[in-house]
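Numbering (this note's numbering), first residue to last: 45 to 371. Glycine included, each C-beta is placed from N, C-alpha and C at the ideal position. Worksheet: one structure, shown below.
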């Protein structure tokens, strides 16, 4: 479908649109921090990544994080000594309950998930190409998964405007708000749904963790499904939790370590809300980190944004003055 055709379909039938964004900002914390978040690498970044697990991630950009992990030192909090399995289960039960009770603006038919994120990828100079890729993204995601994506690389001074409308069916790897509503809302059902579907990792346990943590960080899940995801993670081998504080916010870091590839994935979740604050992916070849600075629910895409997409061609890089860059 052509860029202009998609944009035309996104415009409401009324001639006048309110250019102001909705006040339903869930939360925005504004210091660039440890760089952790839930935004996934672009295809360009994936091309530079050599980790077997990372190279198999979905092509489309994952939904970014709900909250920003600010630049605070991580403080370890003393807790009673428990069996490691019991402690992990207790932490994840706590997060499950927090997710159930957190009152946040709900995504619904006709709404848009608007998010901004910053990411940084560092490739090892010896085991990879040594590339450092910095990216800023802003997205507007519709109920059925159409994405308006503005992407910038500050170090190189370019910006792109793309409409992601490839008609790829939604899945657990790339959930749309509409798809998320169809998932089981209990841990047993969610695990049973994912067990035969997950693939592409070094182990079944790693694939399950990636699937469940990816769903948790998509910010498309209803509260009951998010709660179920945490409970299901508690039953995965090689998962550990630790008490941390990020910018003074009590949080729980959930980490999966894969010995076979010497890699790890982790997400850090706010104790009070059950919402993912940050995430990171590490391997011998590279470290990918990201920070989401804004996530909110909108009723419409602002007119100024639609105009910006109409004024720029897809897959063209524009400089800071708005002029196309030579290939």
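Task: Three-state class that DSSP yields for residue 280 in the structure shown - done: In the chain shown, the residue the question calls residue 280 occupies position 236. Note: residue 280 maps to coil in three-state DSSP.
Open item on the list: Considering Cα atoms alone, identify which of 306, 244, 236, 304 is closest to residue 273.
Closed with: As a working mapping, residue 273 is identified with position 229 in the chain shown. With distances taken between Cα atoms, residue 273 lies closest to 236.
Task: Sub-8 Å separation of residue 300 and residue 320 beta-carbons - done: As a first step, residue 300 must be located in the chain shown, where it is residue number 256. As a first step, residue 320 must be located in the chain shown, where it is residue number 276. Their beta carbons are not under 8 Å apart, which means residue 300 does not touch residue 320 by this criterion.
Open item on the list: Between which residues of its own chain and residue 257 is the CB-CB distance below 6 Å, once the five residues before and five after are set aside?
Closed with: Taking the chain shown and counting its residues from 1, one reaches residue 257 at position 213. Closer than 6 Å at the Cβ level, and outside the excluded window around residue 257, lie 311.
TODO: With distances taken Cα to Cα, identify the nearest neighbour of residue 139 among 202, 271, 344, 199.
DONE: Start at 1 with the first residue of the chain shown, and residue 139 comes out as number 95. If we check each option's Cα against that of residue 139, 271 comes out closest.
Task: Contacts around residue 356, its chain only, beta-carbon distance under 7 Å, and the 5 residues preceding and following it disregarded - done: Indexing the chain shown from 1 puts residue 356 at position 312. Correct list, in chain order: 205, 362.
- [ ] Just list the beta strand (DSSP E) runs in the segment 283-311, keeping only unbroken ones of 3 residues or longer that don't cross its boundaries, in chain order.
- [x] 283-290, 293-302
Open item on the list: Across the segment 228-244 and the segment 182-194, are there enough close Cβ pairs to call them in contact, namely three or more that are closer than 8 Å?
Closed with: With the cut-off at 8 Å, the segment 228-244 and the segment 182-194 do not touch.
- [ ] Within the same chain, show all residues whose beta-carbon is closer than 6 Å to that of residue 158, passing over the 5 residues directly before and after it, in chain order.
- [x] As a first step, residue 158 is located in the chain shown; it is residue number 114 there, counting from the start. Closer than 6 Å at the Cβ level, and outside the excluded window around residue 158, lie 184, 340, 342.
- [ ] Spell out the partners DSSP gives residue 208 in its beta bridges.
- [x] Stepping through the chain shown from its first residue, residue 208 is reached at position 164. In the DSSP output, where bridge partners are listed per residue, residue 208 has 191.
Open item on the list: Let's see if you can read the secondary structure: which residues bound the beta strand (DSSP E) around residue 332?
Closed with: Within the chain shown, the letter at position 288 stands for residue 332. Element bounds for residue 332: 330-342.
Task: Counted within 10 angstroms of its Cβ, other Cβ atoms place residue 265 as buried (16 or more) or exposed - done: Stepping through the chain shown from its first residue, residue 265 is reached at position 221. Residue 265 comes out buried.
Task: Coil, strand or helix - residue 167 by DSSP - done: Taking the chain shown and counting its residues from 1, the one referred to as residue 167 is at position 123. Residue state, collapsed to three classes: strand.
Task: Classification of residue 167 by the beta-carbon crowding that lies within 10 angstroms, buried from 16 upward - done: For the purposes of this step, residue 167 is identified with residue 123 of the chain shown, where counting begins at 1. Classification for residue 167: buried.
Task: Buried or exposed by the 16-neighbour rule on C-beta atoms within 10 Å, applied to residue 179 - done: Working through the chain shown from its first residue, we reach residue 179 at position 135. By the Cβ-count criterion, residue 179 is buried, with 16 or more other Cβ atoms from all chains shown falling within 10 Å of its own Cβ.
Open item on the list: If you follow the alpha helix (DSSP H) that residue 360 is in, where does it begin and where does it stop?
Closed with: The residue given as residue 360 occupies position 316 in the chain shown. From DSSP, residue 360 is part of no alpha helix (DSSP H); its letter is neither H nor E.
Task: Through-space distance from residue 244 to residue 308, alpha-carbon basis - done: In the chain shown, residue 308 corresponds to position 264, counting from 1. In the chain shown, residue 244 corresponds to position 200, counting from 1. Going by the C-alpha atoms only, they are around 15 Å apart.
Open item on the list: I need the straight-line Cα distance from residue 174 to residue 51, nearest angstrom please.
Closed with: For the purposes of this step, residue 174 is taken as residue 130 along the chain shown, with counting starting at 1. For the purposes of this step, residue 51 is taken as residue 7 along the chain shown, with counting starting at 1. Computed Cα separation, rounded: 38 Å.
- [ ] Could you tell me which of 371, 315, 347 sits nearest to residue 136, measuring between CA atoms?
- [x] Taking the chain shown and counting its residues from 1, one reaches residue 136 at position 92. That would be 315, whose Cα lies nearest to the Cα of residue 136.
Open item on the list: Using a 10 Å radius around the Cβ and a threshold of 16 neighbouring Cβ atoms, would you call residue 329 buried or exposed?
Closed with: Locating residue 329 in the chain shown gives position 285, where the first residue counts as 1. Buried, since its Cβ has 16 or more Cβ neighbours within 10 Å.
- [ ] Go to residue 327, then tell me how far its alpha helix (DSSP H) extends in each direction, as first and last residue.
- [x] Walking along the chain shown from the start, residue 327 turns up at place 283. Run containing residue 327: none; DSSP gives neither H nor E here.
TODO: Look at the Cβ atom of residue 182, then the Cβ atom of residue 160, and state whether they are nearer than 8 Å.
DONE: As a position in the chain shown, residue 182 is number 138, starting the count at 1. As a position in the chain shown, residue 160 is number 116, starting the count at 1. Going by C-beta atoms, residue 182 is nearer than 8 Å to residue 160.
Open item on the list: Quick check on the DSSP output: the alpha helix (DSSP H) that includes residue 261 runs from which residue to which?
Closed with: Start at 1 with the first residue of the chain shown, and residue 261 comes out as number 217. Where residue 261 is concerned, the enclosing alpha helix (DSSP H) stretches over 248-261.
TODO: In the DSSP assignment, find the unbroken alpha helix (DSSP H) run with residue 177 in it and report its ends.
DONE: Walking along the chain shown from the start, residue 177 turns up at place 133. That residue, residue 177, is in no alpha helix (DSSP H); its beta strand (DSSP E) goes 176-186.
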